[in-house]
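J.:
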Amino acid sequence: MSAFLEILRPGFLLRDALVGSVLVGIVCPLVGVYFVLRRMIFLGVALPQLSAAGIAFAFLVHRTVVGPHVHLEVGERALARLGASAFTLCGILVLAAFERRGRGIVEARIGVTYAAAGALTILFLAADPWGEAQMVNLLKGDLLATTERSLAVLASVLGAVVIVLLAFQKEFLLVSFDRDLAVVFGKAAGLWDMVLYLVCGVTISFGVMTAGPLVTFGFLVAPPLTARLITRHMMSFSVASAALGGVAAFAGFYCAYRYDWPLGPAEVAVAVSLLVAVGAMVRLWRALGLRPT
Amino acid sequence: MAEPLLILRDVSLGYENRVILEHVDLELGRGEFVALLGPNGAGKTTLLRGIAGLIPPLAGMVHYGFDRAASPLGYVPQRDTLDPTFPLTVREVVLMGTYARLRPLRPVARAQRLLAARCLELVGLGALAEQRFASLSGGQMQRVLIARALAAEPRLLLLDEPTAGVDAEATAAIMEVVGRLNRSDGLTVLLVTHQVGMLGGLASAVVWVQDGRAVRGRIEEMLSPERIAGVLGAGSPRG
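Quick note, the sequences are listed as chains U and Y, same order.
Going by my numbering, the first sequence opens with residue 7, and the numbers climb by one from there.
Going by my numbering, the second sequence opens with residue 14, and the numbers climb by one from there.
The structure is reproduced here in structure tokens:
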């Protein structure tokens, strides 16, 4: 209990890491809602990996052109953000273009992207041995290294993502649920797809920068899958996904702090535990006839 | 024929330069109820999608006798094209029809909610507004999609096999709704179907689609026994 009260104190040493964690936990599921509904879940694995490759690439280019960077300096995070965003956005736009043309097998494209991104990450790191050791933490998602400044940037970007998702909710829903109807209504379906993909790309690249590929993927998928079991409206689905993500991030942080677990895996484990628990509860309720189907 | 609401002139339609229909000349008058018939794979849905603007014509011109921005098309797709995993209530699905006239950043207001409720009542499903869309029967889903199309306040209603895979009772209910909208509200209807038997007393004309062509005629002259056999898949009509 004392650990719980301690992390709630305003002067808590890891306050920025906690807030960053919860922010990622809330916003990733809001984007993940569309990954789940559009059946693009595996894209949630490939894109964070691509983002990691982008970070490694940015450092390699910096080392080759300018020289070695200094770990934990301000420019390091900016450089990593640039690489992550560029790779993620390019990746999502290329995959979206292939999807629109409807050629090949979706899973195959995503699988190849994941494998290529994983290989490239290691190759870029191997080519930059000077920075390799320092970069490992960043690629894993260095939540504990979150600073006030990086938190401010994260909050601004994820805040903008939430505003865009809310402002254009009806457009995103229409192109996701019935793209043909959007076209019949004369809406710029391609443009709305693109805006949605860009929002996804930005969220993923900042999520990876803050929490790493594993946590980002976990929060993209697990909370929406949990929320889908207990909601019947689109709005409540989104709100419940974000709330579950926030709760899982907070609880994961508490467990990591209390029991000295690694932070990212602890958060994902809590999110998945919630999914399993809610799934079991819904099944039980249905079996007992207590919940309308 | 009444004043044309839709004109197709020498239209060719297809996918990636594979031509499915060629030299289609067609007019649809205001208030008409026209059925699109033909054997499986003849191009009925392709023609409907071309008219809806979902596939661009490879040649020719599709002209609407109204401003599509001011008066959107009502479109009822085949229901199995929609993903049942979306957590949407019937009300939310019908509300999507009102998006046709809503610009970005304009929220769904009370007026749109009332319109959606009215459209749902029109198809006789007002009581199911809070049900999950995915939990409805095939016939009910189809009526919800008709309500959604009506929520766009269209002049032209396009329906793609609205009675496919639904039982006789649901088919009758769907056709009663569409027929009533055509007779009472003067809504122009273009409907793709295989169920020739249900058209009696409703459709004023038939567009027969076969061998890459579409030919319009009166219902009694277009529905020869051979053609009906072709529609039902009992044999190959001579077209």
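Note that the Cβ used here is the ideal one computed from N, Cα and C, for glycine as well.
Do A246/U and A233/U count as a contact pair if the criterion is CB distance below 7 Å?
T.: For this step, residue 233/U is matched to residue 227 along the first sequence. For this step, residue 246/U is matched to residue 240 along the first sequence. For A233/U and A246/U, yes; Cβs fall inside 7 Å.
J.: What residues in its chain sit with their C-beta under 6 Å from that of V170/U, if we drop five residues either side in the sequence?
T.: Within the first sequence, residue 170/U is the residue found at index 164, counting from 1. For V170/U, where only same-chain residues beyond five positions count, the Cβ hits under 6 Å are V205.
J.: Between which residues of its own chain and V244/U is the CB-CB distance below 7 Å, once the five residues before and five after are set aside?
T.: Residue numbering aside, residue 244/U sits at position 238 when the first sequence is read from its first letter. Looking at the sequence shown, residue 244/U is not Val but Ser. Same-chain partners within the cutoff: L36, V39.
J.: Can you check which of these residues, R231/Y, R226/Y, P238/Y, is closest to D38/Y by C-alpha distance?
T.: On the second sequence, residue 38/Y is found 25 positions in, with the first residue counted as 1. Nearest C-alpha to D38/Y: R226/Y.
J.: Taking the straight line between their C-alpha atoms, what separation do you get for I128/U and G60/U?
T.: Residue 128/U sits at position 122 when you count from the first residue of the first sequence. Residue 60/U sits at position 54 when you count from the first residue of the first sequence. The straight-line gap from Cα to Cα measures roughly 11 Å.
J.: Distance, Cα to Cα, G139/Y vs T222/U?
T.: What you label residue 139/Y is simply residue 126 of the second sequence in a count that begins at 1. What you label residue 222/U is simply residue 216 of the first sequence in a count that begins at 1. Rounded to the nearest angstrom, the two C-alpha atoms are 42 Å apart.
J.: Taking Cβ-Cβ distances below 8 Å as the criterion, which residues of the stretch 89-105 of chain Y are in contact with chain U?
T.: Within the stretch 89-105 of chain Y, the residues whose Cβ lies closer than 8 Å to some Cβ of chain U are P90, T94, L95, D96, T98, F99, P100, L101, T102, E105, listed in chain order.
J.: Could I get the ranges of all uninterrupted beta strand (DSSP E) runs contained in the stretch 78-165 of chain Y, with 3 residues as the minimum, in chain order?
T.: Runs of the beta strand (DSSP E) inside the stretch 78-165 of chain Y: 87-89.
J.: Are any of the Cβ atoms in chain Y nearer than 7 Å to that of H239/U?
T.: Walking along the first sequence from the start, residue 239/U turns up at place 233. It does; some Cβ of chain Y falls within 7 Å.
J.: How about L164/U and L53/U: are their beta carbons less than 7 Å apart?
T.: Within the first sequence, numbered from 1, the residue matching residue 164/U stands at position 158. Within the first sequence, numbered from 1, the residue matching residue 53/U stands at position 47. Going by C-beta atoms, L164/U is not nearer than 7 Å to L53/U.
J.: For M287/U, which of helix, strand or coil comes out of DSSP?
T.: Here residue 287/U is taken as the residue at index 281 of the first sequence, counted from 1. Of the three classes helix, strand and coil, the one that applies to M287/U here is helix, per DSSP.
J.: Is the distance from the Cβ of L133/Y to the Cβ of A162/Y below 7 Å?
T.: By one-based count along the second sequence, residue 133/Y stands at place 120. By one-based count along the second sequence, residue 162/Y stands at place 149. Not closer than 7 Å, so no.
J.: Note the first and the last residue of the continuous beta strand (DSSP E) segment covering S25/Y.
T.: As a working note, residue 25/Y is residue 12 in the second sequence. 17-28 is the extent of the beta strand (DSSP E) around S25/Y.
J.: With a CB to CB cut of under 6 Å and the five nearest residues on each side skipped, what residues in its chain are close to E45/Y?
T.: Counting from 1 along the second sequence, the entry for residue 45/Y is found at position 32. Counting only Cβ-Cβ distances below 6 Å, and skipping sequence neighbours, we find T201, S217.
J.: What do you reckon, are the CB atoms on L88/U and A62/U nearer than 7 Å?
T.: As a working mapping, residue 88/U is identified with position 82 in the first sequence. As a working mapping, residue 62/U is identified with position 56 in the first sequence. Taking 7 Å as the Cβ cut-off, L88/U and A62/U do not qualify as a contacting pair.
J.: Kindly confirm or deny that the stretch 72-91 of chain Y and the stretch 102-109 of chain Y touch, where touching means at least three C-beta pairs closer than 8 Å.
T.: Counting Cβ pairs under 8 Å, fewer than three are found: no touch.
J.: Report, in whole angstroms, the separation of the C-beta atoms of S84/Y and R31/Y, which I expect to be a contact under 8 Å.
T.: Within the second sequence, numbered from 1, the residue matching residue 84/Y stands at position 71. Within the second sequence, numbered from 1, the residue matching residue 31/Y stands at position 18. Not a contact, Cβ separation roughly 32 Å.
J.: The alpha helix (DSSP H) that contains E113/U, what's its start and end?
T.: As a first step, residue 113/U is located in the first sequence; it is residue number 107 there, counting from the start. 112-132 is the span of the alpha helix (DSSP H), which, as asked, contains E113/U.
J.: Count the C-beta pairs between the stretch 139-152 of chain Y and the stretch 169-187 of chain Y that are closer than 8 Å, then say yes if the count reaches three, no if not.
T.: The stretch 139-152 of chain Y is in contact with the stretch 169-187 of chain Y.
J.: Is there a Cβ from chain U that is less than 7 Å from the Cβ of L83/Y?
T.: Counting from one through the second sequence, the residue named residue 83/Y turns up at place 70. The amino acid at residue 83/Y is misidentified as Leu; the sequence shows Ala. False, the Cβ-Cβ gap to chain U never drops below 7 Å.
J.: Under the assumption that G66/Y contacts V190/U (Cβ atoms under 8 Å), give the Cβ distance between them as a whole number of angstroms.
T.: Start at 1 with the first residue of the second sequence, and residue 66/Y comes out as number 53. Start at 1 with the first residue of the first sequence, and residue 190/U comes out as number 184. Going by Cβ atoms, the distance from G66/Y to V190/U rounds to 6 Å, so yes, they are a contact pair.
J.: Nearest-angstrom Cα distance between M96/Y and D134/U?
T.: Reading the second sequence from its first residue, position 83 is the one you call residue 96/Y. Reading the first sequence from its first residue, position 128 is the one you call residue 134/U. Checking the sequence shown, residue 96/Y turns out to be Asp, not Met. D96/Y and D134/U: Cα-Cα distance of roughly 46 Å.
J.: Less than 7 Å between the beta carbons of V51/U and L157/U, yes or no?
T.: On the first sequence, residue 51/U is found 45 positions in, with the first residue counted as 1. On the first sequence, residue 157/U is found 151 positions in, with the first residue counted as 1. No, these two residues do not count as a Cβ contact at 7 Å.
J.: Pull up the CB-CB distance for A165/Y and A129/Y, whole angstroms please, since I reckon it's below 8 Å.
T.: Counting from one through the second sequence, the residue named residue 165/Y turns up at place 152. Counting from one through the second sequence, the residue named residue 129/Y turns up at place 116. That pair is no contact at about 11 Å.
J.: Nearest chain Y C-beta to L180/U closer than 7 Å, yes or no?
T.: The residue you call residue 180/U lines up with position 174 of the first sequence. It does; some Cβ of chain Y falls within 7 Å.
J.: Excluding five sequence neighbours on each side, which residues of the same chain lie with their C-beta closer than 8 Å to the C-beta of R44/U?
T.: Here residue 44/U is taken as the residue at index 38 of the first sequence, counted from 1. Closer than 8 Å at Cβ, skipping near neighbours: S182.
J.: When you compare the CB positions of K57/Y and G51/Y, do they come within less than 7 Å of one another, or not?
T.: Here residue 57/Y is taken as the residue at index 44 of the second sequence, counted from 1. Here residue 51/Y is taken as the residue at index 38 of the second sequence, counted from 1. In contact: K57/Y and G51/Y (Cβ atoms closer than 7 Å).
J.: Strictly by DSSP, which residues pair up with H76/Y?
T.: Translated into the one-based positions of the second sequence, residue 76/Y becomes position 63. H76/Y pairs with I20/Y.
J.: Return the residue from the list S8/U, T94/U, A188/U, R107/U that minimises the CA-CA distance to G110/Y.
T.: Translated into positions along the second sequence, residue 110/Y becomes position 97. If we check each option's Cα against that of G110/Y, A188/U comes out closest.
J.: Which residues share a DSSP beta bridge with F18/U?
T.: Residue mapping note: residue 18/U aligns to position 12 of the first sequence, counting from 1. F18/U is not bridged to any residue.
J.: Assuming F79/Y contacts L18/Y (C-beta within less than 8 Å), just tell me the rounded distance between them.
T.: Your numbering for residue 79/Y matches position 66 in the second sequence. Your numbering for residue 18/Y matches position 5 in the second sequence. That belief holds up - the Cβ atoms of F79/Y and L18/Y are roughly 7 Å apart, short of 8 Å.
J.: In chain order, what residues of the stretch 31-53 of chain U put their CB closer than 7 Å to some CB of chain Y?
T.: Those would be L43, in chain order.
J.: I want to know whether the stretch 193-207 of chain U touches the stretch 265-280 of chain U - three or more CB-CB distances under 8 Å.
T.: Output reads no: the stretch 265-280 of chain U does not touch the stretch 193-207 of chain U.
J.: Helix, strand or coil for L24/U? Go by DSSP, reduced to three states.
T.: Your numbering for residue 24/U matches position 18 in the first sequence. Three-state result, L24/U: helix.
J.: Roughly how many angstroms separate the alpha carbons of E82/U and P230/U, rounded to a whole number?
T.: Sequence index remark: in the first sequence, residue 82/U carries index 76 (1-based). Sequence index remark: in the first sequence, residue 230/U carries index 224 (1-based). Cα to Cα, E82/U sits roughly 32 Å from P230/U.
J.: Mapping the DSSP letters down to three states, classify W198/U as helix, strand or coil.
T.: Within the first sequence, numbered from 1, the residue matching residue 198/U stands at position 192. Looking at W198/U - three-state DSSP - the assignment turns out to be helix.
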